[in-house]
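Below: the structure, in structure tokens.
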Amino acid sequence: MSPARLLVVAATALALAACGERVQTMPVGGAKKADEPVWQITDNGYLAPGWTPGNEASWNAQLRKRAQAQNDYAPR
Amino acid sequence: MARMKFICDAERCIECNGCVTACKAENDVPWGVNRRRVVTLNDGVAGERSISVACMHCSDAPCMAVCPVDCFYRTAEGVVLHDKDICIGCGYCSYACPFGAPQFPSNGAFGLRGKMDKCTFCAGGPEANGSEAEFEKYGRNRLAEGKLPACAEMCSTKALLGGDGDVIADILRTRVLNRGKGSEVWGWGTAYGKPSAGQPGAQPQEGKKS
Numbered sequence: 003m004s005p006a007r008l009l010v011v012a013a014t015a016l017a018l019a020a021c022g023e024r025v026q027t028m029p030v031g032g033a034k035k036a037d038e039p040v041w042q043i044t045d046n047g048y049l050a051p052g053w054t055p056g057n058e059a060s061w062n063a064q065l066r067k068r069a070q071a072q073n074d075y076a077p078r
Numbered sequence: 002m003a004r005m006k007f008i009c010d011a012e013r014c015i016e017c018n019g020c021v022t023a024c025k026a027e028n029d030v031p032w033g034v035n036r037r038r039v040v041t042l043n044d045g046v047a048g049e050r051s052i053s054v055a056c057m058h059c060s061d062a063p064c065m066a067v068c069p070v071d072c073f074y075r076t077a078e079g080v081v082l083h084d085k086d087i088c089i090g091c092g093y094c095s096y097a098c099p100f101g102a103p104q105f106p107s108n109g110a111f112g113l114r115g116k117m118d119k120c121t122f123c124a125g126g127p128e129a130n131g132s133e134a135e136f137e138k139y140g141r142n143r144l145a146e147g148k149l150p151a152c153a154e155m156c157s158t159k160a161l162l163g164g165d166g167d168v169i170a171d172i173l174r175t176r177v178l179n180r181g182k183g184s185e186v187w188g189w190g191t192a193y194g195k196p197s198a199g200q201p202g203a204q205p206q207e208g209k210k211s
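As they're listed, the protein sequences go chains A and B.
Under the numbering used here, think of the first position of the first sequence as 3, with each following residue one higher.
Under the numbering used here, think of the first position of the second sequence as 2, with each following residue one higher.
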């Protein structure tokens, strides 16, 4: 391979090197993604039994009940 | 509306580090990062006390205040979370946090500091609840599964309490009143300050000893 050809190949490789770079710019209007409400979940096989996913009141009741498992003085 | 908090009962903690292990296993926390650790006061001296420490999910979080790229947010349940897609790993939050909660994986070239990682109260991050993407970046979202943080739920002596601040404050208060002592070293007042009117997260009916 002639030196000129080698130079062209090297220059092309260098020029294309940035094409593999992932975009790092922030979207216009703020980059932060909005998190969804904690009680919104599709069943992934790990849900605790006894509450209805998507229902806030049910989730709150479940967490209150669950917290009482830490209470040695709670009536059983 | 629930306001999630942790409290560690220094009279019960036996420094077993089970909470640390549970956290690492549940969230697949990378090597070199500990979202939770056990701190012992007066180690080796009679009367030593231990507490389990992680992110306290502050009502007025200093990490949120200093972040130059504003990657933190607080959920409706009072859990302080962050977006790893925005974090630049600058480390300001670790200097601001009084509990040493923000951690940085440093396994890259030249000791490169990765994106910040911290306790999420097992509430994941801004990705879809329970998704693979959420688990990869932030760990399990137990809260969305109707569970409490793994560290608190598996604590063998029930020293570490996690959940709605009102509920766990009541649990701790009942304990302290029953045994007649035990919140002097690390009680609710030490962890979260005395209640004051108008302050977010202030606990009503604070016990005298808490």
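C-beta atoms are modelled at their ideal positions from N, C-alpha and C, and glycine is treated no differently.
Extent of the continuous beta strand (DSSP E) to which residue i belongs
i, result
"Ser-51 (chain B)", "50 to 54"
"Arg-38 (chain B)", "38 to 42"
"Lys-6 (chain B)", "5 to 9"
Proximity test, Cβ basis, 8 angstroms: residue i and chain A
i, result
"Lys-119 (chain B)", "no"
"Ser-211 (chain B)", "Note on Ser-211 (chain B): pLDDT 44, under 50, position unreliable in the model; the coordinate value appears next. Not closer than 8 angstroms to any Cβ of chain A, the Cβ of Ser-211 (chain B) fails to qualify, so no."
"Thr-41 (chain B)", "no"
"Ala-3 (chain B)", "yes"
"Leu-113 (chain B)", "no"
"Lys-148 (chain B)", "yes"
"Gly-202 (chain B)", "For Gly-202 (chain B), the predicted model reports a pLDDT of 46, less than 50, meaning its position is unreliable and no value from the coordinates is stated."
"Gly-131 (chain B)", "yes"
is_contact[residue i, chain B] using C-beta, thresh 8 angstroms
i, result
"Asn-57 (chain A)", "no"
"Glu-23 (chain A)", "no"
"Thr-44 (chain A)", "yes"
"Ala-17 (chain A)", "no"
"Val-10 (chain A)", "no"
Rounded separation between residue i and residue j - CA only
i, j, result
"Thr-41 (chain B)", "Glu-12 (chain B)", "12 angstroms"
"Gly-123 (chain B)", "Arg-143 (chain B)", "Sequence inspection shows Cys at residue 123 (chain B); the Gly mentioned does not correspond to that position. So the two alpha carbons sit approximately 5 angstroms from each other."
"Met-5 (chain B)", "Leu-113 (chain B)", "33 angstroms"
"Ala-13 (chain A)", "Glu-23 (chain A)", "17 angstroms"
"Phe-7 (chain B)", "Phe-111 (chain B)", "36 angstroms"
"Gly-92 (chain B)", "Phe-105 (chain B)", "8 angstroms"
"Trp-187 (chain B)", "Ile-169 (chain B)", "14 angstroms"
"Pro-39 (chain A)", "Ala-77 (chain B)", "8 angstroms"
"Gly-33 (chain B)", "Glu-185 (chain B)", "33 angstroms"
"Asn-43 (chain B)", "Arg-37 (chain B)", "20 angstroms"
"His-83 (chain B)", "Gln-70 (chain A)", "29 angstroms"
"Cys-120 (chain B)", "Arg-7 (chain A)", "55 angstroms"
"Ala-145 (chain B)", "Lys-67 (chain A)", "15 angstroms"
"Pro-205 (chain B)", "Trp-189 (chain B)", "Its pLDDT being 47, under 50, Pro-205 (chain B) is placed unreliably by the model, and nothing is read from it."
"Ala-75 (chain A)", "Gly-52 (chain A)", "Contrary to the premise, residue 75 (chain A) reads as Tyr rather than Ala in this sequence. Computed Cα separation, rounded: 23 angstroms."
Terminal residues of the alpha helix (DSSP H) in which residue i lies
i, result
"Asp-165 (chain B)", "Segment 161 to 165 is the beta strand (DSSP E) holding Asp-165 (chain B); no alpha helix (DSSP H) there."
"Cys-24 (chain B)", "19 to 28"
"Cys-152 (chain B)", "151 to 154"
"Lys-148 (chain B)", "Element bounds for Lys-148 (chain B): n/a, residue is neither H nor E."
"Pro-34 (chain A)", "One point to set straight first is that residue 34 (chain A) is Lys, not Pro, in the sequence displayed. It is not in any alpha helix (DSSP H) - Lys-34 (chain A) carries neither H nor E in the DSSP assignment."
"Lys-195 (chain B)", "Counting along the chain, Lys-195 (chain B) falls outside any alpha helix (DSSP H), and DSSP gives it neither H nor E."
Partners in chain D for residue i, counting only beta-carbon separations shorter than 7 angstroms
i, result
"Ala-6 (chain A)", "Protein chains in the displayed structure are A and B, and chain D is not among them."
Practice problem: May I ask you to list, following chain order, the residues of the stretch 156 to 169 of chain B that have a beta carbon less than 9 angstroms from some beta carbon of chain A? | Solution: Cys-156, Lys-159, Leu-161, Leu-162, Gly-163, Gly-164, Asp-165, Val-168, Ile-169
Quiz item: Enumerated in chain order, which unbroken segments of the beta strand (DSSP E) with a length of 3 residues or greater are wholly contained in the stretch 66 to 133 of chain B?
Solution: 73 to 75, 81 to 83
Quiz item: Using a beta-carbon distance cut-off of less than 9 angstroms, what residues from the stretch 169 to 193 of chain B approach chain A?
Solution: Ile-169, Asp-171, Ile-172, Thr-175, Arg-176, Asn-179
Quiz item: Along the stretch 76 to 94 of chain B, what residues have a CB closer than 9 angstroms to any CB found in chain A?
Solution: Thr-76, Ala-77, Glu-78, Val-80, Leu-82, Asp-84, Asp-86, Ile-87
Exercise. Please list the residues of the stretch 48 to 77 of chain A that have a C-beta atom closer than 9 angstroms to any C-beta atom in chain B, keeping them in chain order.
Key: Residues Tyr-48, Leu-49, Ala-50, Pro-51, Gly-52, Trp-53, Pro-55, Ser-60, Trp-61, Asn-62, Gln-64, Leu-65, Arg-66, Arg-68, Ala-69, Gln-70, Ala-71, Gln-72, Asn-73, Asp-74, Tyr-75, Ala-76.
Quiz item: Closer than 7 angstroms, Cβ to any Cβ of chain A: which residues of the stretch 17 to 51 of chain B, in chain order?
Solution: none
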